[in-house]
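K.L.:
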Amino acid sequence: MSVNDTKDVVMIEDDEYQVTENDEIAAIDYELQQIESELQKLQDRKKILTQRKEKLRDDALLKKSFSLSKKNWNNEEFDWSAKLKKALKDVFKIDKLRELQLPTMNAIMSKEDVILIMPTGGGKSLCYQLPAVISKGITIVVSPLVSLMEDQLHGLHKFNVKATMLCAKADKESVKMTMNALADKKSDLKLIYVTPEYMAKSNRFMSKLQKAYELGHLERFAIDEVHCCSQWGHDFRPDYKFLGVLKSMFQGIPILGLTATAPAKIIVDVQKMLDISGCLVLRASFNRPNLYYEVLTYCLDQTSCRRSLIATHFEETWNASDCVEMCDHCRKPNVGKEVDIGQYCRQLYQIMTKAVQNETRLTALKLVDAWYSKGSSVLRVSTVPVPRFARETAEAIVGHLLANGYLQEDFHFSAYSTISYLKRGPKSGLALNNDHKILFNYELH
410 MSVNDTKDVV MIEDDEYQVT ENDEIAAIDY ELQQIESELQ KLQDRKKILT QRKEKLRDDA
470 LLKKSFSLSK KNWNNEEFDW SAKLKKALKD VFKIDKLREL QLPTMNAIMS KEDVILIMPT
530 GGGKSLCYQL PAVISKGITI VVSPLVSLME DQLHGLHKFN VKATMLCAKA DKESVKMTMN
590 ALADKKSDLK LIYVTPEYMA KSNRFMSKLQ KAYELGHLER FAIDEVHCCS QWGHDFRPDY
650 KFLGVLKSMF QGIPILGLTA TAPAKIIVDV QKMLDISGCL VLRASFNRPN LYYEVLTYCL
710 DQTSCRRSLI ATHFEETWNA SDCVEMCDHC RKPNVGKEVD IGQYCRQLYQ IMTKAVQNET
770 RLTALKLVDA WYSKGSSVLR VSTVPVPRFA RETAEAIVGH LLANGYLQED FHFSAYSTIS
830 YLKRGPKSGL ALNNDHKILF NYELH
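For what it's worth, the numbering used here labels the leading residue of the sequence shown as 410, then goes sequentially.
1. Quick check on residue 626: buried or exposed, where buried means 16 or more other Cβ atoms within 10 Å of its Cβ?
2. Does residue 449 come out as helix, strand or coil in the three-state DSSP assignment?
3. Helix, strand or coil for residue 683, going by three-state DSSP, please let me know.
4. In this structure, what does DSSP give as the bridge partners for residue 476?
5. The beta strand (DSSP E) spanning residue 543 covers which residue range?
6. Would residue 525 and residue 667 qualify as a contact pair, given that the criterion is a beta-carbon distance under 7 angstroms?
7. By the 10 Å Cβ neighbour count, where 16 or more other Cβ atoms means buried, how is residue 546 classified, buried or exposed?
8. Starting from the Cα of residue 636, find the closest Cα among 597, 683 and 539 and give me that residue.
9. Can you give me the Cβ contacts of residue 533 inside the same chain, cut-off strictly under 7 angstroms, excluding the 5 residues immediately before and after it?
10. In the DSSP assignment, find the beta strand (DSSP E) that holds residue 664 and state where it starts and stops.
11. Quick check: what's the CA-CA separation for residue 825 versus residue 818?
12. Excluding five sequence neighbours on each side, which residues of the same chain lie with their C-beta closer than 7 angstroms to the C-beta of residue 514?
13. Does any heavy atom of the ligand FAD sit closer than 6 angstroms to the C-beta of residue 443?
14. Is DSSP giving residue 706 helix, strand or coil here?
15. Would you kindly work out how many angstroms separate the C-alpha atoms of residue 813 and residue 755, rounded to a whole number?
16. Look up residue 606 in the DSSP assignment and say whether it is helix, strand or coil.
17. What does the Cβ neighbour count give for residue 614, buried or exposed, with the cut at 16 atoms within 10 Å?
18. Measure the alpha-carbon distance for residue 780 versus residue 509 and round it to whole angstroms.
19. Suppose you measure from the CA of residue 836 to the CA of residue 830; what does that come to, to the nearest Å?
20. I need the straight-line Cα distance from residue 767 to residue 747, nearest angstrom please.
21. Taking the beta strand (DSSP E) that residue 829 belongs to, which residues open and close that run?
22. Considering only DSSP beta bridges, list what residue 818 is partnered with.
23. Roughly how many angstroms lie between the CA atoms of residue 778 and residue 758, to the nearest whole one?
24. Out of 623, 555 and 790, which has the shortest C-alpha to C-alpha gap to residue 578?
25. In angstroms, rounded to a whole number, what distance separates the CA positions of residue 434 and residue 795?
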């Protein structure tokens, strides 16, 4: 017997056995499969390292931001403190400020750029309205919602605060009055509400704004729903990108960004876009003790504390025991555990292979049916046992495999609908290895 070892394939020559082309193809297929598996591992590692690098950079910026919050902004020893207190009571008929309102006002009056994250109804608008009342110049409020601007204008007019609005539907007389006020240092106009679209498209407005700046008549910018600046946000508005010019055009004019919710990634992205990286960030806690959290049953995680998941999203420290059963998971008496579902993934692959052999496409519903030996008999695999757990759990497992790249959707379009079929995902090479674990946090019934 002689052995010829090459770089690609080990060929064994024997008088009684000749290696066929099919044998060589099988050997090559096996080696290619191993290479694909290693490539997937390297790609996964590259992705992890890239994300880690970005996170470290973002964390450095956030540390700088939150270090500014250590300064005692929450005091009444500033030059303007007496005026703030008087206007609060005399103009807005309010006796006491809420959490983070005073620190935000003091910081923005100190010419600091600030991002304020406060729940809806927490009093964000007062953080720029009250400083505007005691300031000599004009505050520009950028807001994406005309209806919200109209509501705030109505409220300000009730308190005899001079404010106006610029948007596509503003009448010519109102626009003319507003433009003149920007160039008039004697004007008693305090706030101008403007949509980002109007700001981006009106050269006339930007020219007048430049004039106000040169006259020292421009006090600050307040950007409502500031998360719309970020391309990572669900509410990204392209015209918000225009606001990135404000810091270079109007140097020394502070920017106050306001939003009800924004994770760290979006905060950093907003800072970069507005050119205020490392600015002061003031954030109210996400936790509302009076709210009971529950997520609909189609969600995959059936064991983790809801508040703990929210805290992780916003990068806040949270102990699940502090939930005191104020979410559906913590209220349940039985707790699930982390299990390896790799064997189930490989069983599903067997069903999918048989479907391909029968020239049949599988939807998620058909895949689960075949797993439970239901539906078309040609899709059933005798060597795949029927699961002992509930169908709901099986559907959750399929969802988990889909979300993590072991399965993927293959969309097909008809004249009347879009159909989602399932096929093996980019991580299928890993899953085929019996030693590879796919961990799933779920209570198996």
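Here a beta-carbon is modelled for each residue, glycine too, at the ideal position from N, C-alpha and C.
P.N.:
Taking the structure as given:
1. When all chains shown are included, residue 626 counts as buried.
2. helix
3. helix
4. Answer is none; residue 476 lacks a bridge partner.
5. From DSSP, residue 543 is part of no beta strand (DSSP E) but of the alpha helix (DSSP H) over 535-543.
6. yes
7. Taking all protein chains in view, the Cβ of residue 546 is crowded by 16 or more other Cβ atoms within 10 Å, so the residue is classified as buried.
8. 683
9. 525, 527 and 667
10. 664-668
11. Roughly 19 angstroms between the two C-alpha positions.
12. Cβ neighbours of residue 514 beyond the five flanking positions: 493, 536, 539 and 540.
13. Among the ligands in the structure shown, none appear at all, so the ligand FAD cannot be discussed.
14. Any reading at residue 706 needs caution, since the residue's pLDDT is 40, under 50, leaving its predicted position unreliable; the model's value is listed next. If DSSP states are grouped into helix, strand and coil, residue 706 belongs with coil.
15. 15 angstroms
16. helix
17. buried
18. 55 angstroms
19. 17 angstroms
20. 35 angstroms
21. First-last of the beta strand (DSSP E) with residue 829: 827-833.
22. DSSP, once it has assigned bridges, lists 831 as partnering residue 818.
23. 14 angstroms
24. When only C-alpha atoms are compared, the closest one is 555.
25. 34 angstroms
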